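**Q** Quick one: structure below, then a few questions.
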Amino acid sequence: MNTSHAAGVQNQKTPLTVVLLGNPNTGKSTLFTALAGIPTRVGNYPGVTVEEKIGQFNHQGQVIQLIDLPGTYSLSPKSPDEIVAVNVLCGKMPGVPVPDCVVVVADATNLERNLYLSSQILELGLPTVVALSLCDVADEKGIAIDVPLLAARLGCPVVRVVAPQREGIGTLCDCVLAAPARLPAKPSGLNADLAAISAGHSQPAREAMARYAWIERTLDGVVRKTGAATESFDAHIDAFLTHRIWGTLIFVATMLLVFTSIFWLATPLMDLIAAGMDAVTLLAESILPAGALSSLLINGVLAGVGGVVIFIPQIAMLFF
Numbered sequence: 003m004n005t006s007h008a009a010g011v012q013n014q015k016t017p018l019t020v021v022l023l024g025n026p027n028t029g030k031s032t033l034f035t036a037l038a039g040i041p042t043r044v045g046n047y048p049g050v051t052v053e054e055k056i057g058q059f060n061h062q063g064q065v066i067q068l069i070d071l072p073g074t075y076s077l078s079p080k081s082p083d084e085i086v087a088v089n090v091l092c093g094k095m096p097g098v099p100v101p102d103c104v105v106v107v108a109d110a111t112n113l114e115r116n117l118y119l120s121s122q123i124l125e126l127g128l129p130t131v132v133a134l135s136l137c138d139v140a141d142e143k144g145i146a147i148d149v150p151l152l153a154a155r156l157g158c159p160v161v162r163v164v165a166p167q168r169e170g171i172g173t174l175c176d177c178v179l180a181a182p183a184r185l186p187a188k189p190s191g192l193n194a195d196l197a198a199i200s201a202g203h204s205q206p207a208r209e210a211m212a213r214y215a216w217i218e219r220t221l222d223g224v225v226r227k228t229g230a231a232t233e234s235f236d237a238h239i240d241a242f243l244t245h246r247i248w249g250t251l252i253f254v255a256t257m258l259l260v261f262t263s264i265f266w267l268a269t270p271l272m273d274l275i276a277a278g279m280d281a282v283t284l285l286a287e288s289i290l291p292a293g294a295l296s297s298l299l300i301n302g303v304l305a306g307v308g309g310v311v312i313f314i315p316q317i318a319m320l321f322f
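First residue of the sequence shown? That's 3 in my numbering, and the numbers climb one at a time after it.
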């Protein structure tokens, strides 16, 4: 792959405008960094406080301007972030050209939820590429995805990527270059699903039910459990500590250890503080003349402070 970051870009052709879109926490920003490196422009979109992040890179002599849109769950905007995403996709954002290609970042560990947004993008008719992110996590969980079958059913390229290891980055860039010449197929059967939903439901509910029915058909036979899930060390520790018997015993033993160690470790420090306060009291008695003021300072202030300070070692060990 002949890919370089903005510093070495030569404007040999008109730049392609490509947007990254996906649900929050799908690895979209990691993919942005793998493709374009550090953003060349960071600011706010006109009239809103939503962050604008744009990068640029070169692939096979073609300059690509990459726009990282805010994470969104659907194209039915309810927040400023989602409104910005919809406006950019529809070419209504001042200063931002209409995208030549949309890269939908879909979490491979939760395709059912992520394909909801993908179905809406495909309906727009924009050149689309689906990037399956977090594939390494899916492998660890024993989730196998038939990528060619999914691409055939979606009617657009689907690429498996592991951004931190740059796996699939070259293939994704190739698909992005080819995407503008090939419009995606509209989601088949979606309108029929929408018409079949009972009219007793509200329009948003009908749309959600129809889209999830389409997603269920699309993923039938595409996603399967291999049974080869590998649990991490943290998962093993978590299972042991939350065990009904062993977890309870460990909890009781830990509490006993904490409270007994507080007294063992704190006692020398408490004795040291007590000795120090006694020395200060004796010094005050030897210096101050007898009287009400002396009694107030020695028996009131010093005794009160000493009674509080002496417990600081125990409190500190309990909380820290």
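A virtual CB, placed ideally from N, CA and C, is assigned to each residue, including glycine. Only a predicted model underlies this, so the values are computations on that prediction, with no experimental measurement involved.
1) Threonine 19 by DSSP, collapsed to three states: which one?
2) Any idea if isoleucine 66 is buried or exposed, counting beta-carbon neighbours within 10 angstroms, 16 or more meaning buried?
3) Per DSSP, what kind of secondary structure is threonine 35 in: helix, strand or coil?
4) For alanine 318, does the count of other Cβ atoms within 10 angstroms reach 16, so buried, or fall short, so exposed?
5) At which residue ranges does the segment 64-148 contain complete alpha helix (DSSP H) runs of 4 or more residues, listed in the order of the chain?
6) When you compare only the Cα positions, how much space is there between lysine 336 and aspartate 70?
7) On a CA-only basis, which of Gln167, Arg162, Lys188, Leu259 is nearest cysteine 177? Give me that one, please.
8) How many angstroms separate the CA atom of phenylalanine 261 from the CA atom of isoleucine 314?
9) When burial is assigned at 16 or more other CB atoms within 10 Å of the CB, is threonine 269 buried or exposed?
10) State the Cα-Cα distance for the pair threonine 256 and alanine 241, rounded to the nearest angstrom.
11) Determine the DSSP secondary structure at lysine 188, reduced to helix, strand or coil.
12) Given a threshold of 16 other Cβ atoms within 10 Å of its Cβ, counted over all protein chains shown, does arginine 226 qualify as buried or as exposed?
13) Indicate the three-state DSSP secondary structure (helix, strand or coil) for valine 163 in the structure shown.
14) At a threshold of 7 Å, does alanine 140 count as lining the ligand PLP (C-beta to nearest heavy atom)?
15) Taking the beta carbon of isoleucine 213 as the centre, do at least 16 other beta carbons fall within 10 Å, making it buried, or is it exposed?
16) Identify the continuous beta strand (DSSP E) that holds valine 335 and give its terminal residues.
17) Assuming contact is defined by CB atoms lying nearer than 8 Å, are asparagine 25 and leucine 156 in contact in what I supplied?
18) So threonine 111 packs on leucine 136, CB below 8 Å; how close in whole Å?
19) Which one of Met211, Gly39, Val310 has the shortest CA to CA distance from proline 166?
20) Short check: CB of serine 121 to CB of isoleucine 217, under 8 Å?
21) Whole angstroms are fine: how far does the CA of glutamine 64 sit from the CA of serine 76?
22) Hey, how far is the Cα of alanine 237 from the Cα of threonine 244?
23) Please name the residue in Ile264, Val303, Leu267 whose C-alpha comes closest to that of threonine 283.
24) Along the chain, where does the alpha helix (DSSP H) that runs through glycine 249 open and close?
25) Please report the distance separating the alpha-carbon of leucine 151 from that of leucine 192.
26) Looking only at its chain, what residues have a beta carbon closer than 7 Å to the beta carbon of alanine 153, apart from the 5 residues adjacent to it on each side?
27) Check this for me: beta carbons of proline 129 and threonine 19, under 8 Å apart or not?
28) Ignore the nearest five residues each way along the sequence and tell me which others in glutamate 84's own chain have a CB closer than 6 Å to its CB.
29) Looking only at its own chain, which residues have a Cβ that is under 7 Å from the Cβ of proline 189, when we skip the five neighbours before and after it?
30) Run through the DSSP bridge pairs and tell me what lysine 30 is partnered with.
31) Since alanine 171 and leucine 37 should fall inside the 8 Å C-beta cutoff, what is the C-beta to C-beta distance between them, to a whole number of angstroms?
32) Looking only at its chain, what residues have a beta carbon closer than 7 Å to the beta carbon of arginine 168, apart from the 5 residues adjacent to it on each side?
**A** In short, the structure shows the following:
1) Looking up residue 19 in the sequence shown gives position 17. Threonine 19: strand per DSSP, three-state reduction.
2) Taking the first residue of the sequence shown as 1, we reach residue 66 at position 64. It is buried - the Cβ of isoleucine 66 has at least 16 other Cβ atoms within 10 Å.
3) Within the sequence shown, numbered from 1, the residue matching residue 35 stands at position 33. DSSP places threonine 35 in helix when its eight states are reduced to three.
4) Taking the first residue of the sequence shown as 1, we reach residue 318 at position 316. So alanine 318 counts as exposed.
5) 82-91, 113-126, 137-142
6) Examination of residue 336 is not possible in this model, given that the chain is present from 3 through 322 alone.
7) As a position in the sequence shown, residue 177 is number 175, starting the count at 1. Cα-wise, what sits closest to cysteine 177 is Arg162.
8) As a first step, residue 261 must be located in the sequence shown, where it is residue number 259. As a first step, residue 314 must be located in the sequence shown, where it is residue number 312. Those two C-alpha atoms are separated by around 15 Å.
9) Here residue 269 refers to the residue found at position 267 when the sequence shown is read from its first residue. With fewer than 16 Cβ atoms within 10 Å of its Cβ, threonine 269 is classed as exposed.
10) By 1-based counting over the sequence shown, the position of residue 256 is 254. By 1-based counting over the sequence shown, the position of residue 241 is 239. If you take the alpha carbons of threonine 256 and alanine 241, they lie about 17 Å apart.
11) If you number the sequence shown from 1, residue 188 lands on position 186. Here lysine 188 sits in coil by DSSP.
12) Counting from one through the sequence shown, the residue named residue 226 turns up at place 224. When all chains shown are included, arginine 226 counts as exposed.
13) By 1-based counting over the sequence shown, the position of residue 163 is 161. In the structure shown, valine 163 sits in coil (DSSP, three-state: anything other than H, G, I, E or B).
14) Among the components modelled here there is no ligand, and therefore nothing to report on the ligand PLP.
15) As a working mapping, residue 213 is identified with position 211 in the sequence shown. It should be pointed out that residue 213 corresponds to arginine in this sequence rather than to isoleucine. Classification for arginine 213: buried.
16) No answer is possible for residue 335: the residues shown for the chain start at 3 and end at 322.
17) For the purposes of this step, residue 25 is taken as residue 23 along the sequence shown, with counting starting at 1. For the purposes of this step, residue 156 is taken as residue 154 along the sequence shown, with counting starting at 1. No, the Cβ-Cβ distance between asparagine 25 and leucine 156 is not below 8 Å.
18) Residue 111 sits at position 109 when you count from the first residue of the sequence shown. Residue 136 sits at position 134 when you count from the first residue of the sequence shown. Indeed, because the Cβ distance is near 6 Å, the residues count as touching under 8 Å.
19) The count along the sequence shown starts at 1 and reaches residue 166 at position 164. Answer by Cα proximity: Gly39.
20) Mapped onto the sequence shown, residue 121 falls at position 119. Mapped onto the sequence shown, residue 217 falls at position 215. Yes, they are a contact pair.
21) Here the question's residue 76 lines up with position 74 in the sequence shown. Here the question's residue 64 lines up with position 62 in the sequence shown. Whole-angstrom Cα-Cα distance: 31 Å.
22) To locate residue 237, count along the sequence shown from 1; it is residue 235. To locate residue 244, count along the sequence shown from 1; it is residue 242. Cα-Cα distance, rounded: 10 Å.
23) Translated into positions along the sequence shown, residue 283 becomes position 281. Per the Cα distances, Val303.
24) Residue mapping note: residue 249 aligns to position 247 of the sequence shown, counting from 1. 248-289 is the span of the alpha helix (DSSP H), which, as asked, contains glycine 249.
25) Taking the sequence shown and counting its residues from 1, the one referred to as residue 151 is at position 149. Taking the sequence shown and counting its residues from 1, the one referred to as residue 192 is at position 190. Each residue's Cα considered, the two are about 18 Å apart.
26) Indexing the sequence shown from 1 puts residue 153 at position 151. Excluding positions up to five away in sequence, the list reads Pro159, Val160.
27) As a working mapping, residue 129 is identified with position 127 in the sequence shown. As a working mapping, residue 19 is identified with position 17 in the sequence shown. Going by C-beta atoms, proline 129 is not nearer than 8 Å to threonine 19.
28) Translated into positions along the sequence shown, residue 84 becomes position 82. Excluding sequence neighbours, glutamate 84 sits near Thr74.
29) Looking up residue 189 in the sequence shown gives position 187. Cβ within range, chain order: Ser121, Leu124, Glu125, Trp216.
30) Taking the first residue of the sequence shown as position 1, residue 30 is located at position 28. According to DSSP, which records beta bridges pairwise, lysine 30 is partnered with nothing at all.
31) For the purposes of this step, residue 171 is taken as residue 169 along the sequence shown, with counting starting at 1. For the purposes of this step, residue 37 is taken as residue 35 along the sequence shown, with counting starting at 1. Correcting the residue identity first, residue 171 is isoleucine in this sequence and not alanine. Rounded, the Cβ-Cβ distance is 7 Å, consistent with contact.
32) In the sequence shown, counting from the first residue as 1, residue 168 sits at position 166. Ala36, listed in sequence order.
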